[in-house]
Amino acid sequence: MDSQPASGIRSITPDQVSRSRSSPDSTPFEWGGIIVSLENLKQSTELQIIAYPLNRNGRPDTDEPPAGRFIAVSTGYLESGDYARGRQVTVTGEIDRLREGKVGQADYLFPVMHVRDIHLWPKQNVGGVTPRFNFGFGIGSGGSTRGSMGVGIGF
1 MDSQPASGIR SITPDQVSRS RSSPDSTPFE WGGIIVSLEN LKQSTELQII
51 AYPLNRNGRP DTDEPPAGRF IAVSTGYLES GDYARGRQVT VTGEIDRLRE
101 GKVGQADYLF PVMHVRDIHL WPKQNVGGVT PRFNFGFGIG SGGSTRGSMG
151 VGIGF
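Below you can see the structure in the form of structure tokens.
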């Protein structure tokens, strides 16, 4: 896992690949989104991901509409505690096939990406708010020649 995701084509979405009903050639794609599920297999791990457009840093922009779903297949074992449902990832790799599956009871055609690079993004605070506590103390004079003074405390 690198500090920044590797690059690939972002302009073609998983939805577009599914609708075309054909696998692109060995062109690398860079897609990202939110993990829906993870399945550890004998020699690989499969992640089902709801795709979102990527921002300039390669992070999924969940304020935008979703761009379909895809399956990311990573060689080896990925820890389900780290790659948990709801976490954001960006993956780069080639689409090697389309797989029929279901989302709920609806039929769905998933692009299946063979992962070359995967980036697990740090968790974000809800609402993007960082808790803060500030303390201030001040003393000042009113500028009067009679020596008046004020004290203030702020939180």
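Position one of the sequence shown corresponds to residue 1 (this note's numbering), numbered consecutively onward. We put the CB at the ideal spot given by N, CA and C, even for glycine.
The beta carbons of Ile49 and Ile34 sit closer together than 8 Å. Bounds of the alpha helix (DSSP H) holding Pro14 are 14-20. The residues Val73, Ser74, Thr75, Gly76, in chain order, have a CB closer than 8 Å to that of Ser44 in the same chain once the five nearest residues on each side in sequence are set aside. Under DSSP, Ser37 forms a beta bridge with Gln48. Distances from the alpha-carbon of Gly68 to those of Pro111, Asp117, Ala106, Asn55 put Pro111 closest.
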